[in-house]
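To keep things clear, I will list the structure first and then write my remarks on it.
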Amino acid sequence: MLTTRPRGTNDILPGEIDKWHYLEKILRKVAEVYGYQEIRTPIFEHTELFQRGVGESTDIVEKEMYTFLDRGERSLTLRPEGTASTVRAFLEHKLYAGSLPAKFYYIGPMFRYDRPQAGRYRQFHQFGVEAFGSPDPGLDAEVIAMAMDIYEQLGLRNLNVELNSVGCPNCRQAYREALQEHLSDKLSELCPTCRGRYSKNPLRIFDCKSSQCRQLVADAPTIDQMLCEECAEHFSLVQEYLQELQVPYSLNPNLVRGLDYYTQTAFEIVAQGIGAQSSIGGGGRYDHLVEECGGPALPGIGYAMGLERILLTLEEQKVSLPIPTKARVFLAALGKEAQKTGGLLAQKLRNAGWVVERDYLGRSLKAQLKAADRLQALYTIIIGEEERQKGVVILRKMQESKQEICALQDVVPSLVKKFNEQI
RNA sequence: GUGGCUGUGGCGAAGUGGUUAACGCACCGGAUUGUGGCUCCGGCACUCGUGGGUUCAAGUCCCAUCAGUCACCCCA
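Residue numbers (this note's numbering): 1020 to 1442.
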């Protein structure tokens, strides 16, 4: 073999594509009924969009981007997430001139240069939604409810919504300072990474796995105690609405989303049993991103879910997706002349909706029936030289191992009727 | 970027330095002269990831490298 697929990428083979189609169908359906419209943006963008949009100090920008120069020396980057591109398109086409809030959804591949592991790939797929133009906490709650609605419709259970508010720039700054003050005399006890985080982004210390660091922040003030009046009010309303919508959630004041643009509501949906990468979706509010990208001061909120992780969770929970088996007919013809007759029959049946397979290798009848069996054909039409001369075919019902002789002109109408009945 | 484990036919998997590298599944063919799913028989490997080394002798030992996998970091 010349080479293999690039590290961290996957081929989705015919055997699993039905699951993807089903998943995508549900996603689109739910998105539409919640009033979101699909948007398709390029797979790559100018690098600065992500640098500025996602944030210079994030892991994504610091070490995970697929960035390259094109032949015109432009720096381009394979999109690592969908929000920045959606905001860019929203502004570029001045869609804010239309009715607000403007609501979009997207499905497609994203790219991050990470070390692959269970549930994490360098090319992965996300479904996401973005709503621009409303600061209403009711929208926050609805967006979370919508995500849960999707998981529920897919048949997933035992998911946990983790909820937090990361505040606005004002209260976050106050919180940072409070946190730094809390840790100021224990700086030397922190692990080396957290010593770095202390000045750059002290909130990240909550994510540290070291028991030492955990202890040090255990009695630290949490963000929910430090929210400004406005943010606290917003956060409590979000929770009220969630309760109204009967969406269970748990507060996690340590939930710090890794993207810089989040404000106020941040949430993550976590599944168990799919490995260390257990977050199957997450999102939040980003009230300053649109403005920071050079647009009007419009608030925004959105989330993204990882399709590979959803599929993993479906597998883990042994959910069987309602994927209908295809109605197949196998056309077994023997000899050149019979093949011609069979070819015409096949076309007619296909036009009627049957999935028709036939033999292209000149195989024996036995081998053709074996093929029909393997394809799980409902019927096999057998045409040999004898049948052809008499103007008949053999119509064999595979599951029952029963067959009948059928006039050539009757076989299509008869199978069309059977096809319509089984649907 | 760091660490653990793994790398033998399409897939799974024996092989613990010494003649032609087990086996199972899958696949193809035959027993059945024109009829599938069961059974029986047969067929199916140029490099044992790659490159180097040790040895009379290496799939088996050593080194390197690549890949897979899981975990850290972070996230979907």
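Backbone N, C-alpha and C fix where the C-beta goes; we use that ideal spot for every residue, glycine too.
Just so it is clear, the structure is predicted and the values come from calculations on it, not from any experiment.
Buried or exposed by the 16-neighbour rule on C-beta atoms within 10 Å, applied to residue i
i: V1338; result: exposed
i: S1184; result: buried
i: H1112; result: exposed
i: M1020; result: exposed
i: G1101; result: buried
i: A1116; result: exposed
i: V1236; result: buried
i: K1122; result: buried
i: R1093; result: exposed
i: I1242; result: buried
i: E1051; result: exposed
i: R1407; result: buried
i: R1369; result: exposed
i: L1353; result: buried
i: L1088; result: exposed
i: I1224; result: buried
i: L1363; result: exposed
According to DSSP, residues forming a beta bridge with residue i
i: L1270; result: L1182
i: Q1136; result: R1139
i: V1411; result: A1426
i: G1300; result: I1288, M1324
i: Y1053; result: Paired residue(s): none; Y1053 is not in a bridge.
i: T1096; result: E1064, T1086
i: E1263; result: None, per the DSSP bridge assignment.
i: I1402; result: A1352
i: E1376; result: F1349
i: E1149; result: F1123, G1321
Residue i in three-state terms, based on DSSP
i: K1437; result: helix
i: H1144; result: strand
i: M1417; result: coil
i: E1083; result: coil
i: S1339; result: coil
i: L1088; result: strand
i: A1237; result: helix
i: Y1125; result: strand
i: H1112; result: coil
i: R1026; result: coil
i: Q1283; result: strand
i: I1031; result: coil
i: A1193; result: helix
i: V1309; result: helix
i: G1319; result: strand
i: E1075; result: coil
Contact under 7 Å by Cβ, residue i with residue j
i: Y1398; j: K1416; result: yes
i: D1159; j: V1289; result: no
i: F1146; j: M1324; result: yes
i: T1105; j: T1096; result: no
i: F1151; j: L1317; result: yes
i: G1321; j: E1161; result: no
i: N1271; j: E1181; result: yes
i: V1411; j: I1401; result: no
i: V1375; j: K1345; result: no
i: A1164; j: L1326; result: no
i: T1028; j: Q1142; result: yes
Through-space distance from residue j to residue i, alpha-carbon basis
i: T1360; j: S1383; result: 17 Å
i: Q1244; j: P1120; result: 31 Å
i: Y1379; j: Q1358; result: 9 Å
i: R1090; j: T1066; result: 15 Å
i: S1491; j: R1233; result: Look at the range of the chain in this structure, 1020 to 1442, and you will see that residue 1491 is not part of it.
i: E1139; j: L1068; result: Correcting the residue type first, residue 1139 is Arg in the shown sequence and not Glu. Using only the alpha carbons, I get a separation of about 24 Å.
i: Y1305; j: T1282; result: 5 Å
i: V1049; j: I1058; result: 15 Å
i: Q1296; j: A1137; result: 7 Å
i: F1349; j: E1405; result: 19 Å
i: P1341; j: A1166; result: 20 Å
i: D1204; j: D1078; result: 28 Å
i: G1186; j: P1033; result: 46 Å
i: Q1428; j: L1388; result: 23 Å
i: T1284; j: E1440; result: 52 Å
i: Y1217; j: Q1231; result: 15 Å
i: P1156; j: Y1041; result: 32 Å
i: R1191; j: L1246; result: 8 Å
i: C1250; j: P1135; result: 37 Å
i: A1489; j: A1391; result: Not covered by the structure: residue 1489. The range shown for the chain is 1020 to 1442.
i: A1197; j: A1239; result: 9 Å
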